[in-house]
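Residue numbers (this note's numbering), protein chains in the order written: chain A, 1 to 188; chain B, 1001 to 1293. The next block holds one structure in the form of structure tokens; read it before the comments.
In structure tokens:
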């Protein structure tokens, strides 16, 4: 009989150990997925900040060749100021969109000035800006990938058990509307 | 997603298996050498173990640098190649890996490769021919394929294969010559006892490169399809890579500095060899699969 009891206790111990191991692994993987989402979100901000910093330089360069396009410069400057002042996720997204479209019109204006288009500094800024626009798009894509991986984990068995216990809630995807998709594909 | 993680785990496992395998292979080759030169003393064995261990560690830590210098690559400065640097940086954001060191190879052929033992210490190289022939979406397609190799740990495995297996092939080739030409002149000094040992040595020296070749061919092809698929997942635009492959098909991917040894690293076959020994799947099949995505 004693042997049977030992077996039972041993069995329970093994189950407990396995449960603890499962718990620790799952909990840690959920936390790291969650942190990855925050990190990938901040990557978007890094790129938007770089664009923000690039704008004055760009405006100055264009001004040197196209002094008369005052309204375009004003629009860009105003949109940039709006980005700095915007608050809330929706407000920020809207301000960034505004800046994107004013930059587009800035480059459309530049098309009319062949000397400007031939300027090395301008070409470099143009490449830099389209590079940043691409990086913003990729950063958003990566953000969505991390959200997908996290949301899948908290909704599928067996990770959903742990997620339910600790109130891990699904995160929201970044949705690009149609207008913004076009902004992303800027062709100057 | 799960299947990609499985592939990554398999790549890491295969890397360690390879290191293990190559250690014993190089040990066997070195021991065979010591039989040829020292007639099988303990000193020869000890020396072989030390040399094999040193060989493994050096190739592990310097493999990427060896590969880059073999292919004549130079580092791409942002001032000179802003376009390329931006493309690679963007894709690394999409893949969620650090930006690798970016290199260019001055060669008119259209090709690219990635190397390095981890995503943190990776390098990626493009031929200048590729840079001038591709438009942005095509270049993105090729870069995404290479970045996928880094992300999936393919480049660790293939870099190790290139350096470890490649050098073994060279060493045993030298050994073979040594035996045929060197020993013939030393007028049968070996005597009767050395006969079997020499036979075994000969066998190892002959078999080693064949084994090595087998390992190399087993690795490469499936990885290419996988990197095409991961790359398409990064750019969300399989057509870019498909049209890049079409350009490569027309222009050719044969790189001057590439040898049979560095071939598995490249984006498309860098050497012109028959289908039997091709390290890459046929280009038409790759295009077909991409267009079906």
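We put the beta carbon where it would ideally sit given N, CA and C, even for glycine. No experiment lies behind these values; they were computed from the predicted model shown.
So which residues on chain B does residue i lean against when the C-beta distance must stay under 9 Å?
{"i": "residue 34 (chain A)", "result": "Residues of chain B passing the Cβ test: none, with the nearest at roughly 15 Å."}
{"i": "residue 100 (chain A)", "result": "Within 9 Å Cβ-Cβ: nothing; residue 100 (chain A) doesn't reach chain B, min ~16 Å."}
{"i": "residue 43 (chain A)", "result": "1093, 1096"}
{"i": "residue 124 (chain A)", "result": "1079, 1082"}
State the CB to CB distance for the pair residue i and residue j, rounded to an integer number of angstroms; the pair is presumed to be in contact (CB under 8 Å).
{"i": "residue 150 (chain A)", "j": "residue 37 (chain A)", "result": "6 Å"}
{"i": "residue 1057 (chain B)", "j": "residue 1027 (chain B)", "result": "Residue 1057 (chain B) to residue 1027 (chain B), Cβ: 14 Å. No contact."}
{"i": "residue 21 (chain A)", "j": "residue 52 (chain A)", "result": "Residue 21 (chain A) to residue 52 (chain A), Cβ: 47 Å. No contact."}
{"i": "residue 1108 (chain B)", "j": "residue 1141 (chain B)", "result": "Not a contact, Cβ separation roughly 20 Å."}
{"i": "residue 1044 (chain B)", "j": "residue 1031 (chain B)", "result": "7 Å"}
{"i": "residue 77 (chain A)", "j": "residue 125 (chain A)", "result": "Between residue 125 (chain A) and residue 77 (chain A) the Cβ distance is about 16 Å, and since that is not below 8 Å, they are no contact."}
{"i": "residue 200 (chain A)", "j": "residue 109 (chain A)", "result": "Nothing in the structure corresponds to residue 200 (chain A), since chain A is present only between 1 and 188."}
{"i": "residue 199 (chain A)", "j": "residue 1090 (chain B)", "result": "The structure shown does not extend to residue 199 (chain A), since chain A spans only 1 to 188, so no value can be given for it."}
{"i": "residue 1103 (chain B)", "j": "residue 1075 (chain B)", "result": "6 Å"}
{"i": "residue 1290 (chain B)", "j": "residue 1227 (chain B)", "result": "So it is not a contact: roughly 11 Å between Cβ atoms."}
{"i": "residue 1025 (chain B)", "j": "residue 1160 (chain B)", "result": "Going by Cβ atoms, the distance from residue 1025 (chain B) to residue 1160 (chain B) rounds to 13 Å, so no, they are not a contact pair."}
{"i": "residue 1247 (chain B)", "j": "residue 1143 (chain B)", "result": "Contact flag wrong, Cβ pair sits at about 15 Å."}
{"i": "residue 72 (chain A)", "j": "residue 106 (chain A)", "result": "6 Å"}
{"i": "residue 116 (chain A)", "j": "residue 122 (chain A)", "result": "6 Å"}
Can you pull the chain A residues whose beta carbon is under 9 Å from the beta carbon of residue i, in chain order?
{"i": "residue 1086 (chain B)", "result": "127, 128, 130, 131, 132, 134, 135"}
In the DSSP output, what is residue i paired with across the bridge?
{"i": "residue 1101 (chain B)", "result": "B:1123"}
{"i": "residue 1115 (chain B)", "result": "B:1123"}
{"i": "residue 1266 (chain B)", "result": "B:1113"}
Run through chain A and tell me which residues come within less than 7 Å of residue i, C-beta to C-beta.
{"i": "residue 1094 (chain B)", "result": "138, 141, 142"}
What residues from chain A crowd round residue i, counting only those whose CB sits closer than 8 Å?
{"i": "residue 1091 (chain B)", "result": "138"}
Can you tell me whether residue i is helix, strand or coil according to DSSP?
{"i": "residue 1292 (chain B)", "result": "coil"}
{"i": "residue 1075 (chain B)", "result": "strand"}
{"i": "residue 85 (chain A)", "result": "helix"}
{"i": "residue 1142 (chain B)", "result": "helix"}
{"i": "residue 1055 (chain B)", "result": "helix"}
{"i": "residue 77 (chain A)", "result": "helix"}
{"i": "residue 1281 (chain B)", "result": "coil"}
{"i": "residue 173 (chain A)", "result": "coil"}
{"i": "residue 1106 (chain B)", "result": "coil"}
{"i": "residue 69 (chain A)", "result": "coil"}
{"i": "residue 1253 (chain B)", "result": "coil"}
{"i": "residue 1246 (chain B)", "result": "helix"}
{"i": "residue 182 (chain A)", "result": "Caution applies to residue 182 (chain A), whose pLDDT of 46 falls short of 50 and renders its modelled position unreliable; the model cannot decide the point."}
{"i": "residue 156 (chain A)", "result": "coil"}
{"i": "residue 1134 (chain B)", "result": "coil"}
{"i": "residue 168 (chain A)", "result": "coil"}
{"i": "residue 967 (chain B)", "result": "Nothing about residue 967 (chain B) can be reported from this structure: the residues present for chain B run from 1001 to 1293 only."}
{"i": "residue 1035 (chain B)", "result": "helix"}
{"i": "residue 1236 (chain B)", "result": "coil"}
{"i": "residue 1152 (chain B)", "result": "coil"}
{"i": "residue 1080 (chain B)", "result": "coil"}
Check the Cβ of residue i against every Cβ in chain B and list those closer than 7 Å, keeping chain order.
{"i": "residue 89 (chain A)", "result": "Here the premise fails: no neighbours, minimum Cβ distance about 20 Å."}
Any chance the CB of residue i is under 7 Å from a heavy atom of the ligand NAP?
{"i": "residue 14 (chain A)", "result": "Of the ligands one can find in the structure shown there are none, so the ligand NAP has no counterpart to examine."}
Using a Cβ cut-off of 8 Å, pull out every chain B residue sitting near residue i, in sequence order please.
{"i": "residue 105 (chain A)", "result": "Result: empty, since nearest Cβ-Cβ is about 22 Å, beyond 8 Å."}
{"i": "residue 40 (chain A)", "result": "1096"}
Alpha helix (DSSP H) segments (min. 4 residues) lying fully within the stretch 108-133 of chain A: Entirely contained in the stretch 108-133 of chain A, the alpha helix (DSSP H) runs reaching 4 residues are, in chain order, 114-118.
Those runs of the alpha helix (DSSP H) which lie wholly inside the stretch 14-39 of chain A and span at least 4 residues: Counting whole runs of 4 or more residues, the stretch 14-39 of chain A contains no alpha helix (DSSP H) stretch at all.
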